[in-house]
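Undergrad: Here's a structure for you.
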Amino acid sequence: MFSVIAQALIITMSEYGGSQIQVQRLRTLKNLNKSKLAAFLSIPMLVSFHLLCCLCGLIIYAYFLFCDPLTSPDSPIESADQLLPYFITTTLSDLPGLPGLCICGIFSATLSTVSSTTNSLASVASEDFLKPIFPTLRVTVFHNKMISLLFGVLCVGVTFLVASLGHLVKMSIIIGGMVNGPNLAVFLLASCTTKANEEGVILGMLVSLALSAYLSFVPNNKTYPFLPLSNECPSSEADTFTFSSHPYSSEDSYSNTTLSPTSRPEPEE
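Have a look at this one:
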């Protein structure tokens, strides 16, 4: 619990104080007071969002307690990253259009974050690299769009690379924590002292990144057991499966119309 709280605190402080994405968003407001107000108003929203994510995980675990889709004989999904979309399509399949609307909402939120990230990367590349290296070059909007396109292609390639290393959510948290720690250290160093120089900050950040990468990927991390699950799923011939025969179960039924990745619900006459 302590490690989770410490990691969340470091990542959140880094994103609010030292993230180019957040700083660029706050600078779009008229003055400093409105930027502070926007930052403080986003705190309860961020806390509520993380609490809802935890609640969503608990609901998914409770729903698939007696029929784990990852370990069942007719496993409909291949990775834990697919649990939430599978849960949405399973529980809301009786409401036409609603599962697709929920999936579209998830992708829309993701694209919003990705667009802000590519825009921030393009701004940093043009202001901190192109202009100092090529002072005579007149950077236009076209150049920034091309830089954004380049970073977009790189992000897609990195996505395939990260997905090959393990669960996408887990790897994103590991990589985010690996980068946000040194980033927060540089931000606090610039805010709390005036004795640091550029060479020392760059060297310290490189060493921190190397150490964070080593601690994240090289050691054989201790594996913790998962919460108890059961794969006593119904056969593909059954229509529904009730949990009433299991201890501490409810009377709710679980529809298995999507237990097989190739199965489709038969049209009703």
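Using the UniProt record's numbering, the first residue of the sequence shown is number 1, and each one after it goes up by one. Note that beta-carbon positions come from the ideal geometry of N, C-alpha and C, so glycine has one too.
(1) Leaving out five residues on either side along the sequence, give the residues of the same chain with a beta carbon under 6 Å from the beta carbon of residue 35.
(2) Between the alpha carbons of residue 171 and residue 8, how many angstroms are there, rounded?
(3) Which word fits residue 240, buried or exposed, when buried means at least 16 other C-beta atoms lie within 10 angstroms of its C-beta?
(4) Can you say whether residue 67 is buried or exposed, counting buried as having 16 or more other CB atoms within 10 angstroms of its CB?
(5) So, using beta-carbon positions, are residue 126 and residue 147 closer together than 9 Å?
(6) Rounded to whole angstroms, what is the Cα-Cα separation between residue 184 and residue 190?
(7) Quick test of your reading: residue 79 and residue 143, contact by CB under 8 Å. State the CB separation rounded to the nearest angstrom.
(8) Should the region 195–205 be called in touch with the region 35–44, which here means at least 3 C-beta pairs below 8 Å?
(9) If you draw a straight line from the alpha carbon of residue 136 to that of residue 180, how long is it in whole angstroms?
(10) Report the residue from 162, 84, 121 and 212 whose alpha carbon sits nearest the alpha carbon of residue 152.
(11) Output the distance between the C-alpha atoms of residue 104 and residue 227, rounded to the nearest integer angstrom.
(12) If distances are taken between C-alpha atoms only, which option among 158, 118, 131 and 154 comes closest to residue 145?
(13) For residue 74, does the three-state DSSP call read helix, strand or coil?
(14) Please state if the CB of residue 73 and the CB of residue 83 are separated by a distance shorter than 9 Å.
(15) Starting from residue 182, follow the alpha helix (DSSP H) in both directions and report where the run begins and ends.
(16) Can you give the Cα-Cα distance for residue 130 and residue 155, rounded to whole angstroms?
(17) Determine the direct distance from the alpha carbon of residue 15 to that of residue 21, and round the result to whole angstroms.
(18) Using a Cβ-Cβ cut-off of 6 Å (strictly less than) and excluding sequence neighbours within five positions of residue 187, which residues of its own chain qualify?
(19) Quick check: residue 99 and residue 110, are their CB atoms within less than 9 Å of each other?
(20) Please report how far the alpha carbon of residue 160 lies from the alpha carbon of residue 217, in whole angstroms.
(21) Using only CA atoms, which one of 101, 230, 177 and 231 lies nearest to residue 212?
(22) Measure how close the beta-carbons of residue 81 and residue 169 come, nearest whole angstrom, since I'm counting them as under 8 Å.
(23) Could you check which residue in 44, 46, 91 and 43 has the C-alpha nearest to that of residue 64?
(24) Mapping DSSP to helix, strand and coil, what is residue 196?
(25) Grouping DSSP H, G and I as helix and E and B as strand, with all else coil, what is residue 25?
(26) In three-state terms, what does DSSP make of residue 30?
(27) Under a Cβ-count criterion, where at least 16 other Cβ atoms within 10 Å of its own Cβ denotes burial, should residue 174 be classed as buried or exposed?
(28) Which of the three DSSP states, helix, strand or coil, is assigned to residue 231?
TA: Let me spell this out:
(1) Excluding positions up to five away in sequence, the list reads 26 and 29.
(2) Separation of residue 171 and residue 8 (C-alpha to C-alpha, rounded to the nearest whole angstrom) is 15 Å.
(3) Model confidence at residue 240 stands at a pLDDT of 40, short of 50, so the residue's coordinates are unreliable and nothing is read from them.
(4) Classification of residue 67: buried, given that the 10 Å Cβ count is 16 or more.
(5) It is a contact, given that the beta carbons lie within the stated cut-off.
(6) When rounded, the distance between both Cα atoms is 10 Å.
(7) Not a contact, Cβ separation roughly 38 Å.
(8) Counting Cβ pairs under 8 Å, fewer than three are found: no touch.
(9) Near 34 Å, if we compare the C-alpha coordinates of residue 180 and residue 136.
(10) Minimum Cα distance to residue 152 is reached at 121.
(11) Taken atom to atom, the span from the alpha-carbon of residue 104 to that of residue 227 is near 30 Å.
(12) From the listed residues 158, 118, 131 and 154, the smallest Cα separation to residue 145 is found for 118.
(13) DSSP places residue 74 in coil when its eight states are reduced to three.
(14) No, Cβ-Cβ distance for residue 83 and residue 73 is not below 9 Å.
(15) Per DSSP, residue 182 belongs to the alpha helix (DSSP H) from 168–192.
(16) So the two alpha carbons sit approximately 20 Å from each other.
(17) Taking the CA atoms as reference points, residue 21 sits about 8 Å from residue 15.
(18) Cβ within range, chain order: 17 and 18.
(19) Contact: no.
(20) Straight-line Cα distance between these residues: approximately 18 Å.
(21) Nearest option by C-alpha distance: 177.
(22) Going by Cβ atoms, the distance from residue 81 to residue 169 rounds to 6 Å, so yes, they are a contact pair.
(23) Nearest C-alpha to residue 64: 91.
(24) The DSSP-derived three-state label of residue 196 is coil.
(25) Per DSSP, reduced to three states, the secondary structure at residue 25 is helical.
(26) Of the three classes helix, strand and coil, the one that applies to residue 30 here is coil, per DSSP.
(27) Flag for residue 174 reads buried.
(28) Per DSSP, reduced to three states, the secondary structure at residue 231 is coil, with no helix or strand assignment.
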